[in-house]
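Numbering (our numbering), first residue to last: 1 to 440.
Just so you know, even glycine gets a beta-carbon here, dropped at the ideal spot from N, CA and C.
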Amino acid sequence: MRLSRFFLPILKETPKEAEIASHRLMLRAGMMRQEGAGIYALLPLGLRVLNKICAIIREEQNRAGAIELLMPTIQSAELWRESGRYDDYGKEMLRIKDRHDREMLFGPTNEEMITEIFRAYVRSYRDLPLNLYHLQWKFRDEVRPRFGLMRGREFLMKDAYSFDVDAAGARHAYNRMFVAYLRTFARMGLRSIPMVADTGPIGGNLSHEFIVLANTGESEVFCHRDYLDFEVPGEGVNFDDRMELQGLVDGWTSLYAATSEKHDCEAFRGLPQDRQVSARGIEVGHIFYFGTKYSEPMRAVVAGPDGAEHPVHMGSYGIGPTRLIGALIEAFHDDDGIKWPEAVAPFSVAILNLKQGATDTDAACEQLYRALSAKGVDVLYDDTEGRPGAKFATADLIGVPWQVLVGPKGLAEGKVELKRRSTGARELLTPADALARLTA
1 MRLSRFFLPI LKETPKEAEI ASHRLMLRAG MMRQEGAGIY ALLPLGLRVL NKICAIIREE
61 QNRAGAIELL MPTIQSAELW RESGRYDDYG KEMLRIKDRH DREMLFGPTN EEMITEIFRA
121 YVRSYRDLPL NLYHLQWKFR DEVRPRFGLM RGREFLMKDA YSFDVDAAGA RHAYNRMFVA
181 YLRTFARMGL RSIPMVADTG PIGGNLSHEF IVLANTGESE VFCHRDYLDF EVPGEGVNFD
241 DRMELQGLVD GWTSLYAATS EKHDCEAFRG LPQDRQVSAR GIEVGHIFYF GTKYSEPMRA
301 VVAGPDGAEH PVHMGSYGIG PTRLIGALIE AFHDDDGIKW PEAVAPFSVA ILNLKQGATD
361 TDAACEQLYR ALSAKGVDVL YDDTEGRPGA KFATADLIGV PWQVLVGPKG LAEGKVELKR
421 RSTGARELLT PADALARLTA
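1. Looking at the structure shown, is residue 400 part of a helix, part of a strand, or coil, going by DSSP?
2. At a Cβ threshold of 8 Å, is residue 286 touching chain D?
3. In whole angstroms, what separates the C-alpha of residue 207 from that of residue 135?
4. Taking a contact to mean a Cβ-Cβ separation below 8 Å, would you say residue 14 touches residue 24 in this structure?
5. Beta carbon of residue 301, beta carbon of residue 164: below 8 Å?
6. Considering Cα atoms alone, identify which of 107, 197, 112 is closest to residue 161.
7. Run the CB neighbour count on residue 423, radius 10 Å, all protein chains shown included, and call it buried at 16 or more, exposed below.
8. Report the residue ranges of all beta strand (DSSP E) runs contained in full by the segment 332-395; include only those spanning at least 3 residues, in chain order.
9. At which residues does the alpha helix (DSSP H) containing residue 52 begin and terminate?
10. Please go through the same chain and pick out, in chain order, the residues whose beta-carbon is closer than 8 Å to the beta-carbon of residue 84, but skip the five residues on each side of it.
11. With contact counted as at least three CB pairs below 8 Å, one residue from each stretch, are the segment 343-352 and the segment 403-410 in contact?
12. What residues are listed by DSSP as bridge partners for residue 194?
13. The alpha helix (DSSP H) that contains residue 439, what's its start and end?
14. Can you look up residue 217 in the DSSP assignment and give me helix, strand or coil?
15. Say whether the segment 248-264 touches the segment 180-197, bearing in mind that this needs 3 or more beta-carbon pairs closer than 8 Å, one atom from each stretch.
16. With residue 259 as the anchor, note down where its beta strand (DSSP E) starts and where it stops.
17. Measuring CA to CA, which of 16, 21, 5, 283 is closest to residue 336?
18. Does the distance from the CB of residue 254 to the CB of residue 221 come in under 8 Å?
19. Looking at the unbroken alpha helix (DSSP H) that takes in residue 125, where does it start and where does it end?
20. Identify whether residue 171 lies in helix, strand or coil by the three-state DSSP scheme.
21. Let me confirm a value: residue 228 is counted as buried when at least 16 other C-beta atoms fall within 10 Å, else exposed. Which label applies?
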């Protein structure tokens, strides 16, 4: 992508309403624009990051055996009355009426709707287990939307829903998602810690939040320091092996880790002092097992091996992709801007032409740009007329992991400068060597 043809509205001044780093940097870097309280338009740079995040989520959900579908955002109030949640959910739910005066709502979550879909088609235990997921926009009318995408009212959610014939099968489904979540966040460069959590309005008696430690986290969390060094399951994990998965989950839940709602002060004080971590945390995922909470009142039943009807055991599993953009920036930034991990960066490489219009720099940049693009590298070519200092500032602000600086002085020696954004390390290389390094 040539920067001269890209829509990147950089802001020189930080808007006053931006309280935390991710909010400030997303606005300044032209990633989003506020359209209302807690409602944002994602601009091209922000959308590129969101698409990278969603691709990783999809790959790990599919690897764990979940199947993608897409449910509508508008739901019938009658479904929520069946489950008993319509009156209990509170003012966060946006309730509306259509032209025929039918009560509808903009879905904050989809337990009721997925249960209705399931009961319409599945009749036998032979069709289980089943896990269905989608990526869909939600709306929750937060009383105080703040921190940009970290606590917005409209947001993208990956929500999955598992169906099993009994509690043992449902626990295996829970373990699948538990391990899939560890892998998902690790692939984005995040160290997530599963913590015992409150189930809230979703319900159930088993729940974990996946927490990323950050100074700007919304709540206080507590855990054993050893979690910071735990090894994340690799690609070879067998999601069909119940014993293997249970062993992994047992290991990742063997030490103390709890959100503030579930914090046990006495148990935490019992840890060695040098192993105690009390910090702020950002919730990036939340998983629940709630048994027959929805299947019983909504009559989602299957014929079991005994021939009798049994309500299915269910779980739900959420990740907020838009929220993850903010969490990633909170984890990876400095005073100059964002420092994207390569897996989620909007562009992998930025080519900076330090003397636009000069024959030698133009030719070298064009050659690098075409060669990188041909290799499938996401490359942003700054071919604008700006001064070198402004180009450096823009590249650092938007956080492209690699920068190739092409100037007449270096080219006179047959070299370009390769800079790594995460460390600031610089190296003089021939264009051919720089290309080899970036496509290795």
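Taking the definition as stated:
1. coil
2. Here there is only one protein chain, and chain D is not present.
3. 21 Å
4. yes
5. no
6. 112
7. exposed
8. 349-353, 379-382
9. 44-63
10. 297
11. yes
12. 210
13. Per DSSP, residue 439 belongs to no alpha helix (DSSP H) and is neither H nor E.
14. coil
15. yes
16. 257-259
17. 21
18. no
19. Here residue 125 belongs to no alpha helix (DSSP H), and DSSP marks it neither H nor E.
20. helix
21. exposed
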